[in-house]
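When we follow the numbering used here, the leftmost residue of the sequence shown carries the number 37, and every step to the right adds one.
In this text, a Cβ means the ideal position worked out from N, Cα and C, and glycines have one as well.
Please read the structure below before turning to the comments.
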Amino acid sequence: MMRHSLSGVSLLALAVSLSPTSVLAEDTATASTLEPIIITATKRSEDYFLLPSTADIANADALLSRGIDTVADLDRIFPDVNIRSRSSRAYANFTIRGQASLDFYNPSTQVYVDGLPQDSFNLTRALPGGVENVELLYGPQGSLYGRGAIGGVINIVTRKPDNEARFGFDANLTNEGAGGTFHASTPLIKDVLYGDVNLSLLDAKDMYTTTTGADVGGTRDVNGQVRLRYAPTDSPWDVTISGGRGQVSSTEEYFVLESMLEDRIAFDAPSEYDLDTWNFGINAAYDLGFATVTALTGYQKSDLDRTVFGTYTPEKQWTLSQELRIASNPDQGSPVDYVAGLYYQHLDFTRAVPVASQTSRQKIDSYALFGDVTWHATDRLDVSPGLRLDYERASAEAVGGVNFSDDNAFTALSPKLGVSYGLTDEWRVYGLLSTGFKAGGFTRNVTSANNAFTYDPQHTYNGEVGLKYRDEAGLMEVQLSAYYNVTKDYQMFVDVQPWQYLQNVGEVTAKGIDLKVRAKPTEELGITAGLAYNHTRFTDYDNPVAPGTDFTGNTVPYAPEFTANLLFDYRFELESGRGVLVPYAGLTYVSEHYFDETNTIGQKGYALVDLGVKWELDDKVTAEAFVTNVFDKTYTTYGFQYPGLGNLYQLGQGRTIGGRINMTF
């Protein structure tokens, strides 16, 4: 960990660092100061401190310290983020800065792994093996990423295979199940060709007992990936080819009646699913010296066999994406840094309802041009404009019980302008205007009542100002930002379960403030923290199903007003050769929020406390004992009203007690 006292940092800054805020980044490397944070989510390597926006990062040690092994757990380390599975982990709901993913097929937050976009079915799955960093860009990222990147972008970066032969594993055992990862990397031809393999397993026990006494709610998630990397020494080429397979078997889609929440007794209706996924990728980069040209090709296929409430509704989806871009190399001494590129994606989705002899299919083709520039006008002033043009064509058809065929096209222009200024070497301010959009199209859940219904694109317009601080000694970093955005033609599911379909319901505004801090106040004590306030409301609600219904002024679903994260760790040096003992404590707070637009079904505010102690023999061997949700808080993550049954909910994870060992060779 970092090894200096906080000399030279003001008492005011120290007080800020000790306030109940959230996790910015946890750096457990042995060093004397906090290291600068370099991110690649902007499609080029940049120091987050210089960006005219808010960014965050968590490295592998930070993830391990909080027991984070799935994407769905990331809200325990990032503030102003709420990630929940809606019904199952195949349907993800991401909320960042109040922008909820109410349409889980087209979420408002995009997830990338090593530069490749991830299929919507995979967003809350286990983290891939060999994770090096998880990066987060807050707010609309339409000028770089296009459709869906309204709340932000999560970029997962894994370590590339190289000349260093290494292998390792992480294994954990808890009262709620077991899991682990294994990775191995080796040079196949020294200085030329390298390869690695990553495996992961998550085996979670049943969470509920049904009214008939059966145990349900368990999940088994297995993933594997292999990669070959061609990167000869002194060659401009760096090419990585990857292929992977994943399989989830789960009975987690059971729901608890409101009167049985504390007892975790689920309503007894047959619900289970199997999700098979395949992925293939090529990342080919050529270094021109002054810039790097990168071609990224991704193919993903998902096959979901799902039964919920006794009804079998299989879904299949495959996507093919291609990006070609050029980005200036860092440290070139040029007054202008840039990235520009072309993007294409094809999506093919099929859904069947055998009991109704019905099948529907959609195809979406997306084309885009994008560019982003940073002009270093002076030693302290940076100006960063960006622009992306997207064109999408969607077609849909349905047969059996419902027969229709239609197509539509949409165009979106997403500009951005950011300005940042260094007041001193330690203090920096910025202002940002950015935009984002979600494409229009056809509802995936086709019925005889909604087969002719399309919905329009959703557009978000965002303004943001911020203040950043990094002390000269590198012992503290602070980000403070305030934002206001307006979303037009907000997309949301309407009607009642299970016949809901997607429509535009009007206008939503969101405003908020977030604070992120990481600090090393003493030689032994580390603090990472953050606090976020968000006020997201319907400002003009128009329900096409019930024209007289008006929820103007209501809170948007899945948008808590306050979120907070806090982590303390303290390092005790043991006798020579015996390593370091690191006890830690973490807190996650989520305020009251709702699961529907009527604001009648929701979850009151709650706090989760995590405790643990880690023993670090060296940088290769660690062992840990931990307890998450120490006080066994009962809380819900999803809820809805079902005709004839009333309110049904899904529960969050109860108290988990376990141990973990991590070894790298």
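* Asked: Contact check, tyrosine 620 vs aspartate 632 under 8 angstroms by CB: the rounded distance?
  -> No, tyrosine 620 and aspartate 632 are not in contact; Cβ-Cβ is about 37 angstroms, not under 8 angstroms.
* What's the C-alpha gap between phenylalanine 440 and histidine 382? -> Roughly 22 angstroms separates the two Cα atoms.
* On the three-pair Cβ rule with 8 angstroms, is the region 243–259 touching the region 277–294? -> Counting Cβ pairs under 8 angstroms, three or more are found: they touch.
* **Given 8 angstroms, three or more beta-carbon pairs between the region 180–200 and the region 396–416** => Touching, per the Cβ criterion.
* Looking at C-alpha atoms only, which residue of Ile75, Lys79, Leu86, Ile74 is the closest neighbour of aspartate 461? -> Ranking the options by Cα distance to aspartate 461, first place goes to Leu86.
* To do: Go ahead and pull the three-state DSSP assignment for serine 101.
  => Note: serine 101 maps to helix in three-state DSSP.
* To do: Tell me whether asparagine 211 is buried or exposed, calling it buried when 16 or more other Cβ atoms sit within 10 Å of its Cβ.
  => With fewer than 16 other Cβ atoms within 10 Å, it is exposed.
* Return the CA-CA distance between threonine 634 and asparagine 158, expressed in angstroms with no decimal places. => Across the structure, threonine 634 and asparagine 158 are spaced so that their CA atoms are roughly 29 angstroms apart.
* Might you give, ordered along the chain, the residues of its own chain that have their beta carbon closer than 7 angstroms to the beta carbon of phenylalanine 587, omitting 5 neighbours on each side? => Sequence-distant Cβ neighbours of phenylalanine 587 in its own chain, meaning closer than 7 angstroms and more than five residues away, are Phe574, Tyr577, Glu633, Thr634.
* Would you kindly check if the distance between the Cβ of leucine 623 and the Cβ of arginine 607 is under 9 angstroms? => No, the pair does not count as a contact, with Cβ atoms beyond the cut-off.
* Pull up the distance between the alpha-carbon of aspartate 63 and that of glutamate 628, whole angstroms please. => No answer about aspartate 63 holds up, because its pLDDT of 41 lies below 50 and its placement is not dependable.
* To do: Spatial neighbours of alanine 321 within its chain, please: CB distance less than 6 angstroms, with the 5 preceding and 5 following residues excluded, ordered by chain position.
  => So the list reads Asp274, Thr328, Thr330, once near-sequence residues are dropped.
* Residue ranges of each beta strand (DSSP E) run of no fewer than 3 residues wholly in the region 494–580, ordered along the chain? -> Listed in chain order, they are 494–506, 512–524, 527–530, 537–540, 542–555, 561–577.
* Selection from Gly467, Leu425, Lys474, Arg397 that minimises the alpha carbon distance to aspartate 443 -> Comparing Cα-Cα distances from aspartate 443 to each of Gly467, Leu425, Lys474, Arg397, the minimum goes to Arg397.
* To do: Taking only the alpha-carbon atoms, compute the straight-line gap between valine 391 and glycine 346 and give it to the nearest angstrom.
  => A direct Cα-Cα distance of roughly 10 angstroms separates valine 391 from glycine 346.
* Asked: Would the beta-carbon of glutamine 539 be found less than 8 angstroms away from any heavy atom of the ligand NAP?
  -> Summarising the ligand content, the structure contains no ligands, and the ligand NAP is consequently not present.
* Asked: What residue range is occupied by the uninterrupted beta strand (DSSP E) comprising serine 402?
  -> Counting along the chain, the beta strand (DSSP E) containing serine 402 begins and ends at 394–412.
* Asked: What are the partner residues of glycine 280, as DSSP defines its beta bridges?
  -> Answer is Gln261, Asn315, bridged to glycine 280.
* Asked: Which residues mark the beginning and the end of the beta strand (DSSP E) in which leucine 224 is found?
  -> First-last of the beta strand (DSSP E) with leucine 224: 213–225.
* Are glycine 477 and threonine 490 close, meaning C-beta to C-beta below 9 angstroms? -> At a Cβ-Cβ threshold of 9 angstroms, glycine 477 and threonine 490 count as neighbours.
* Identify, in the order they occur along the chain, each residue of the same chain with its Cβ nearer than 7 angstroms to the Cβ of glutamate 609, setting aside the five sequence neighbours on each side. => Val616, listed in sequence order.
* **Integer-rounded CB distance, given that alanine 126 should sit under 8 angstroms from tyrosine 309** => Right, the Cβ-Cβ distance comes to about 7 angstroms (below 8 angstroms), so this counts as a contact.
* Hey, is the region 191–207 in contact with the region 127–143, meaning 3+ C-beta pairs nearer than 8 angstroms? -> The region 191–207, when compared against the region 127–143, does not touch it at the 8 angstroms Cβ threshold.
* How is methionine 243 classed by DSSP in three states: helix, strand or coil? -> Coil at methionine 243, not helix or strand.
* Out of Thr349, Ala185, Leu423, point me to the one whose CA is closest to valine 389's CA. => Measuring from the Cα of valine 389, the nearest candidate turns out to be Thr349.
* **Classification of tyrosine 380 by the beta-carbon crowding that lies within 10 angstroms, buried from 16 upward** => When all chains shown are included, tyrosine 380 counts as exposed.
* In chain order, what residues of the same chain have a beta carbon less than 6 angstroms from the beta carbon of glutamine 146, not counting five sequence neighbours either side? -> Excluding its 5 nearest sequence neighbours in each direction, glutamine 146 has C-beta neighbours in its own chain below 6 angstroms: Tyr181, Gly184, Ala185, Val189, listed in chain order.
* Rounded separation between leucine 647 and serine 101 - CA only -> About 10 angstroms.
* **Exposure of glutamine 686, with buried meaning 16 or more beta-carbon neighbours within 10 Å** => Taking all protein chains shown into account, glutamine 686 has 16 or more neighbouring C-beta atoms within 10 Å of its C-beta and is therefore buried.
* What residues are listed by DSSP as bridge partners for arginine 202? -> In the DSSP output, where bridge partners are listed per residue, arginine 202 has Ser221.
* Tell me, which residues are paired with phenylalanine 604 by DSSP? -> Answer is Ile563, Ala621.
* For serine 289, three-class secondary structure by DSSP -> Before going on, a small fix: residue 289 reads as glutamate here, not serine. It is coil, neither helix nor strand.
* Asked: How big is the Cα-Cα spacing for lysine 640 and proline 176?
  -> About 28 angstroms.
* Bridge partner(s) assigned by DSSP for phenylalanine 489 -> DSSP output for phenylalanine 489 lists no bridge partner at all.
* **Between the CA atoms of alanine 546 and histidine 571 - distance to the nearest angstrom** => Those two C-alpha atoms are separated by around 5 angstroms.
* **In DSSP terms, what glutamine 381 is bridged to** => Beta-bridge annotation (DSSP): glutamine 381 is paired with Ser357, Ser402.
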